[in-house]
Amino acid sequence: MSQQTTDGGPLYGKFDIPTMRRVWYGPGCLEHLPEEVERLGGQRVFIITSHTLATQTDLVDRVRSLLGNKVVGVDAASKQHVPRRAVVEAAAQAREAGADLLISLGGGSQIDCAKAVALCLAEGVKNPEQLDDYRVLFEYPDKVTVPSLKGQAPPHITVGTTLSAGDFTNFAGITDEERRVKDLYVDEQLMPKVSFLDAAITVHTPSWLWASTGMRAVDHCVEAFISQSHMPFTDALAFHALQLLFRYLPPSTRDPHDLAAKTQCQLAAWMSIFGLANVLLGLSHGIGHQLGARCNVPHGLTSCIMLPHVLEFNLPVTAERQALLAQAMGVDTRDMATEDAARAGIESLRRFIQGLGVPYRLRDVNVTREDFDGIVRDAMQDLVVATNPRPATPQDVYALLEKAY
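Numbering (the working numbering), first residue to last: 5 to 409.
Rendered as structure tokens:
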């Protein structure tokens with residue numbers, strides 16, 4: 005986390021470096037999967053994927069053909085927002101199969117499910133309630149408790165089909181179905197060891213899912229750049245990633261076979277989240293967590309809906325940073341005042357979202373006003389709401405939901 009004196013003095017801080025060992029990128033790179041499994045010592049590989057990918061594409065069969073009899077099981081029941089009962093069931097299958105290496109095949113939900121399964125295998129978790137011992141606890145305004153894993157988690161290789169970028173973090177979001185809250189789990193062992201960014205396997209990804217997860221990457225860039233704790237390293241990555249996403253996300257959404265544009269988007273998503281744990285995020289992510297857990301809205305769509313409104317809310321304290329972001333969004337700000345440039349950036353973002361053809365209002369994703377009270381209540385218990393650049397009250401969050409409706 006970076007700090008700077010108010011008089012413009014020298015920077016002071018720390019940066020924790022993620023410990024992923026290798027990233028393969030480019031069409032066809034999945035062919036290197038066997039050598040990575042071998043390098044990690046995997047003999048009994050368990051695949052975690054979605055029902056759609058398992059039944060409507062040949063991706064699972066491709067992985068099987070690459071790894072042969074090392075594949076000892078497949079869980080194709082992972083669900084959006086990672087309900088913890090599904091996690092425990094997948095972990096039971098992996099345990100029974102004697103898995104010593106996990107492969108997640110799919111988007112953020114499959115990646116987080118595999119991380120959660122790794123946790124369960126390391127700690128002997130066999131029922132959903134046991135997961136409570138490992139979730140991050142937050143007490144407003146700044147008390148955070150992060151439990152550590154004591155056992156050894158199996159290595160995890162990601163094969164991503166969206167732009168979620170969950171491949172590059174050591175945390176996972178798991179939904180408690182009873183509380184309707186998405187809990188955070190953090191440990192260095194949850195970091196995948198290898199990631200494959202093979203654009204050729206994303207041709208099956210629905211355009212709305214590709215576009216909306218790309219917008220999630222945009223959200224990472226924006227909230228990292230305007231964060232209270234932004235730092236030069238994450239600034240540079242976020243700014244360049246935003247430029248790439250604004251250039252390549254539209255064409256890769258229109259044409260799923262534009263592998264050059266898709267590869268650029270995959271690299272941008274990686275940049276957007278690299279080191280993200282070192283900065284404090286804000287309301288767009290915090291409200292999005294609740295929209296996902298309570299209303300089952302995909303996180304990419306929560307970013308499409310909430311981010312422009314959150315930028316407007318933060319404008320009084322982040323105008324200078326937002327004006328810089330406008331340049332990354334393609335706005336010519338040379339003759340603009342700072343606030344005008346920032347507002348032009350917000351309008352550019354709105355046009356960008358609408359041009360992707362994705363929902364941009366809460367009413368379009370089946371959220372009702374009756375949901376607002378629960379969303380607000382849970383959002384105020386979310387760490388990243390508490391760290392928003394501009395302090396937010398429950399009334400502020402409610403007003404943002406109204407504007408987004």
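For each residue, glycine too, the CB sits at the ideal point set by N, CA and C.
**OP:** Could you check how far apart the C-beta atoms of residue 157 and residue 125 are, in whole angstroms? I think they sit under 8 Å.
**Re:** 7 Å
Original post:
Going by other Cβ atoms of all chains shown within 10 Å of its Cβ, with 16 needed for buried, is residue 347 buried or exposed?
Top reply: buried
Original post:
Exposed or buried, which one is residue 261 when buried takes at least 16 other CB atoms within 10 Å?
Top reply: exposed
Subject >> Neighbour-count burial assignment, residue 218, 16 or more Cβ in a 10 Å radius >> reply: buried
Original post:
Rounded to the nearest angstrom, how far is the Cβ of residue 357 from that of residue 308, given a contact under 8 Å?
Top reply: 5 Å
**OP:** Please name the residue in 222, 153 and 315 whose C-alpha comes closest to that of residue 271.
**Re:** 222
Original post:
Exposed or buried, which one is residue 21 when buried takes at least 16 other CB atoms within 10 Å?
Top reply: exposed
Subject >> For residue 176, the three-state DSSP class (helix, strand or coil) >> reply: strand
Subject >> residue 9 versus residue 231 - alpha carbon distance >> reply: A caution first: residue 9 carries a pLDDT of 46, below 50, which makes its placement in the model unreliable, though a value can still be read off. Rounded to the nearest angstrom, the two C-alpha atoms are 16 Å apart.
Original post:
Under 8 Å, do residue 404 and residue 197 count as touching if we go by C-beta distance?
Top reply: no
Original post:
For residue 15, which of 237, 160 and 100 has the nearest alpha-carbon?
Top reply: 237
**OP:** Assign residue 294 to buried or exposed, taking buried as 16 or more other Cβ atoms, counted over all protein chains shown, within 10 Å of its Cβ.
**Re:** buried
Original post:
Using the rule of at least 16 other Cβ atoms within 10 Å of the residue's Cβ for burial, across every protein chain shown, is residue 383 buried or exposed?
Top reply: buried
**OP:** For residue 406, collect the residues of the same chain with a Cβ closer than 6 Å to its Cβ; drop the 5 residues on either side in sequence, then sort them by chain order.
**Re:** none
Original post:
If you drop the 5 nearest sequence neighbours on each side, which residues of the same chain put their C-beta closer than 8 Å to that of residue 30?
Top reply: 201, 202, 203 and 267
Original post:
Sorted by chain position, which residues of the same chain lie with C-beta nearer than 7 Å to residue 119's C-beta, five sequence neighbours on each side aside?
Top reply: 160, 176 and 194
Subject >> Spatial neighbours of residue 367 in its chain, beta-carbon cut-off 6 Å, leaving aside the 5 residues before and after >> reply: 409
Original post:
Does the Cβ-Cβ distance between residue 172 and residue 19 come in under 8 Å?
Top reply: no
**OP:** Compare the C-alpha of residue 241 against each of 256, 229, 138 and 328 and name the closest.
**Re:** 229
Original post:
In chain order, which alpha helix (DSSP H) runs of at least 4 residues are fully inside the segment 275 to 352?
Top reply: 287 to 299 and 303 to 332
Original post:
With distances taken from CA atoms, which of 88, 339 and 52 is nearest residue 182?
Top reply: 88
**OP:** Could you tell me the distance, in whole angstroms, from the CA atom of residue 49 to the CA atom of residue 28?
**Re:** 19 Å
Original post:
So residue 92 packs on residue 179, CB below 8 Å; how close in whole Å?
Top reply: Going by Cβ atoms, the distance from residue 92 to residue 179 rounds to 13 Å, so no, they are not a contact pair.
Subject >> Residue span of the beta strand (DSSP E) that contains residue 105, given as start and end >> reply: 105 to 110
Original post:
Which runs of the beta strand (DSSP E) spanning at least 3 residues fall entirely within the segment 116 to 190, listed in chain order?
Top reply: 141 to 143, 147 to 149, 160 to 164, 175 to 180 and 185 to 190
Original post:
What separation, rounded to the nearest whole angstrom, lies between the Cα atoms of residue 191 and residue 389?
Top reply: 21 Å
**OP:** Identify every run of the beta strand (DSSP E) within the segment 179 to 267, keeping only runs that are complete inside it and at least 3 residues long; order them along the chain.
**Re:** 185 to 190 and 198 to 201
Original post:
How would you label residue 302, buried or exposed, when you count the other beta carbons within 10 angstroms and need 16 or more for buried?
Top reply: buried
Subject >> For residue 378, the first and last residue of its enclosing alpha helix (DSSP H) >> reply: 376 to 383
Original post:
Between the beta-carbon of residue 310 and the beta-carbon of residue 276, is there less than 8 Å?
Top reply: no
Original post:
Helix or strand or just coil, what does DSSP make of residue 50?
Top reply: strand
Original post:
Of all the options 333, 41 and 353, which has the alpha carbon lying nearest to the alpha carbon of residue 104?
Top reply: 41
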